[in-house]
Amino acid sequence: MAKLLLLIALCVLPALASATRMVKNPLVVQGHVYCDRCRAGFETPKTKSMAGAKVKVECSDRKTGQVVYKREGYTDSTGQYKIVVSEDHLDEICDAVLVKSSQPECAKMSPGRERARVILTSFNGIASSTRYANNMGFMADEAEAGCAEIMKLYQEEDE
Numbered sequence: 117m118a119k120l121l122l123l124i125a126l127c128v129l130p131a132l133a134s135a136t137r138m139v140k141n142p143l144v145v146q147g148h149v150y151c152d153r154c155r156a157g158f159e160t161p162k163t164k165s166m167a168g169a170k171v172k173v174e175c176s177d178r179k180t181g182q183v184v185y186k187r188e189g190y191t192d193s194t195g196q197y198k199i200v201v202s203e204d205h206l207d208e209i210c211d212a213v214l215v216k217s218s219q220p221e222c223a224k225m226s227p228g229r230e231r232a233r234v235i236l237t238s239f240n241g242i243a244s245s246t247r248y249a250n251n252m253g254f255m256a257d258e259a260e261a262g263c264a265e266i267m268k269l270y271q272e273e274d275e
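In case it helps, this note's numbering puts the sequence shown at residues 117 to 275.
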């Protein structure tokens, strides 16, 4: 009986310990949130960083699509956010996602810029523990003065 308990302890306890998938050095998801004041759908010289915006890191099971991990954070005065993730998410699809704007006049999420994919595992050859997410943005309700001229410059460069 004692040998059976010892065998169970040696087999089950390591499995339980690895089930939490804690990483030795926590991963940090870092990114930037902005307000698109020209409603261009991309960053322009009129774009401003957004302090106090709410952002989350969300991981879903690859097979079922069910959300299995969620962690929220806020941007600092420069529009940057850093969210610490202590667990490894090797077999999951993870995104940094906009949650809420801190500016009522710039609260609509820019289509295609409301989320950014991040790889949250230490088993992929990336030496750094920092994972950089693409910039994400909100759109102003109304385009600011001077935006028409900026957009015209972009059109001229395309031709």
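Using N, Cα and C, we set each Cβ at its ideal position, and we do this for glycine too.
Closest residue to residue i among the options (Cα-Cα distance)
i	options	result
residue 247	156, 173, 225	173
residue 211	264, 267, 250	250
residue 229	239, 219, 241, 215	215
residue 187	179, 180, 171, 196	171
residue 255	183, 163, 143	163
residue 181	156, 189, 209	209
residue 140	261, 245, 257, 258	245
Residue i, enclosing beta strand (DSSP E) - first and last residue
i	result
residue 214	208-216
residue 253	252-255
residue 204	Neither: residue 204 is in no beta strand (DSSP E) and is coded neither H nor E.
Residue i vs residue j beta-carbon contact at 7 Å
i	j	result
residue 154	residue 263	yes
residue 191	residue 169	yes
residue 197	residue 253	no
residue 149	residue 200	no
Buried or exposed (CB count within 10 angstroms, at least 16 for buried), residue i
i	result
residue 202	exposed
Beta-carbon proximity list for residue i, same chain, < 6 Å, skipping 5 on both sides
i	result
residue 80	Past the boundaries of the shown model lies residue 80; the chain is included only from 117 to 275, so the question cannot be answered.
Same chain, Cβ closer than 7 Å to residue i, neighbours up to 5 away in sequence not counted
i	result
residue 205	175, 185, 236, 237
residue 161	266
Residue-level contact to chain C via CB, residue i, 7 Å cutoff
i	result
residue 204	No chain C appears in the structure shown, which is made up of a single protein chain.
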